[in-house]
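Chains A and B are the protein sequences, given in the same order.
Residues 1 to 109, numbered by my numbering, are exactly what the first sequence covers, in order.
Residues 1 to 109, numbered by my numbering, are exactly what the second sequence covers, in order.
All remarks here apply to the structure that follows.
2 protein chains.
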Amino acid sequence: MTKEIITKEQQKAARYAKAMGHPIRMYVLDLLSKQSCCYSGDLTEDLPIVKSTLSQHLKELKDAGLIQGEIEAPRIKYCLNKKSWKEAQELFRNFLKIDIEEPIQNCLK
Amino acid sequence: MTKEIITKEQQKAARYAKAMGHPIRMYVLDLLSKQSCCYSGDLTEDLPIVKSTLSQHLKELKDAGLIQGEIEAPRIKYCLNKKSWKEAQELFRNFLKIDIEEPIQNCLK
DNA sequence: TACTTTGTTCGCAATTTCACGAACAACGAA
DNA sequence: TTCGTTGTTCGTGAAATTGCGAACAAAGTA
């Protein structure tokens, strides 16, 4: 499948999109894009799923490269994988033709 | 599922992301974002899938609201659904922007 | 009215996703 | 060492996804 008409960029973007393609995972990513880190224990309290299901979703995000976990005492701290996140930003920015108002421009004023 | 901790925006973004979450569909969307329209007959020639499979992927994109088809002679012309595309742009722009801090830090130096 | 072209729908099979509970592993605290 | 907390893994089942070929529908053309 996928000869070579489909570019590497398109494949990577599709991979990221797939990981984002579930409400729970979108919620987690959105949270992490605002909050720098979170703990899955806190997530299970808010979200209407049991911990094993959440664990699977977090694994899905990890496999896609979007987040990473760090052991911290009894818990695990999750945060965005900044490198992959940047790549996803670039891919989607190009794909969606989004012009981002650069904060740099504000500085130049 | 999905009490109300998960916002409408997150659900919509996840829905769009899901539709984008396949190489074939990402290819089609990327093409349409550059080309204004295309015909599925031309797509089957390039892509390594048979027409019935492509039809399903196009249906998936239609169901997500991202594209629309228009009957034109014997063929069907596909193009982006501009309204939904705009919405997706907005959702992903808000969702993906986190690199704001870094340029600011550079400015403050 | 046939015939051709184009794309959808149907039926099928293999695989993946999603969700749950139970069991397990890791590790600090009593 | 034993206990409690935290999160992963396993086993299971239901549903969705992906892909194919065959059959069908629509519509222009001979």
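Virtual Cβ for every residue (Gly too), placed ideally from N, Cα, C.
Fair warning: this is a prediction, and the values are worked out from it, not measured in the lab.
- So A:ILE6 is in the alpha helix (DSSP H); what residue range does that whole segment cover? In the first sequence, counting from the first residue as 1, residue 6 of chain A sits at position 6. Where A:ILE6 is concerned, there is no enclosing alpha helix (DSSP H), given that its DSSP letter is neither H nor E.
- Query: CA-CA distance, A:CYS37 and B:GLN11?
  - Reply: Your numbering for residue 37 of chain A matches position 37 in the first sequence. Your numbering for residue 11 of chain B matches position 11 in the second sequence. Rounded to whole angstroms, A:CYS37 to B:GLN11 spans 21 Å at the Cα level.
- Item | Partners in chain A for B:LYS18, counting only beta-carbon separations shorter than 9 Å | If you number the second sequence from 1, residue 18 of chain B lands on position 18. The answer, in chain order, is ALA17, LYS18, MET20, GLY21 and HIS22.
- is_contact[B:LEU54, chain A] using C-beta, thresh 8 Å: Residue mapping note: residue 54 of chain B aligns to position 54 of the second sequence, counting from 1. For B:LEU54, the answer is no, since every Cβ of chain A falls outside 8 Å of its Cβ.
- Message: Quick check: what's the CA-CA separation for B:LEU29 versus A:PHE92?
- Response: For this step, residue 29 of chain B is matched to residue 29 along the second sequence. For this step, residue 92 of chain A is matched to residue 92 along the first sequence. Cα to Cα, the separation comes out at about 12 Å.
- Query: Of the residues A:LYS8, A:GLN35, A:LYS62 and A:TYR27, which one's Cα is nearest the Cα of B:MET26?
  - Reply: Within the second sequence, numbered from 1, the residue matching residue 26 of chain B stands at position 26. Comparing Cα positions, the closest option is A:LYS8.
- Contact the region 31-46 of chain B vs the region 54-66 of chain B: 3+ CB pairs below 8 Å: yes
- alpha helix (DSSP H) segment containing A:GLY41, residue limits: Walking along the first sequence from the start, residue 41 of chain A turns up at place 41. Start and end: 40-46.
- Given that a residue counts as buried once 16 or more other Cβ atoms are within 10 Å of its Cβ, and exposed if not, what is B:ILE71? For the purposes of this step, residue 71 of chain B is taken as the residue at position 71 of the second sequence. Exposed: under 16 other Cβ atoms inside 10 Å.
- Report the neighbours of B:GLN10 on chain A: residues whose CB is nearer than 8 Å to its CB, in chain order. Position 10 of the second sequence, counted from the first residue, corresponds to residue 10 of chain B. Going along chain A in sequence order, the residues near B:GLN10 (Cβ under 8 Å) are PRO23, MET26, TYR27 and ASP30.
- Query: In terms of alpha-carbon separation, which member of A:ASP63, A:ILE6, A:PRO48 and A:TYR78 lies closest to B:ILE113?
  - Reply: Outside the displayed range of chain B (1 to 109) lies residue 113 of chain B, so it cannot be described from this structure.
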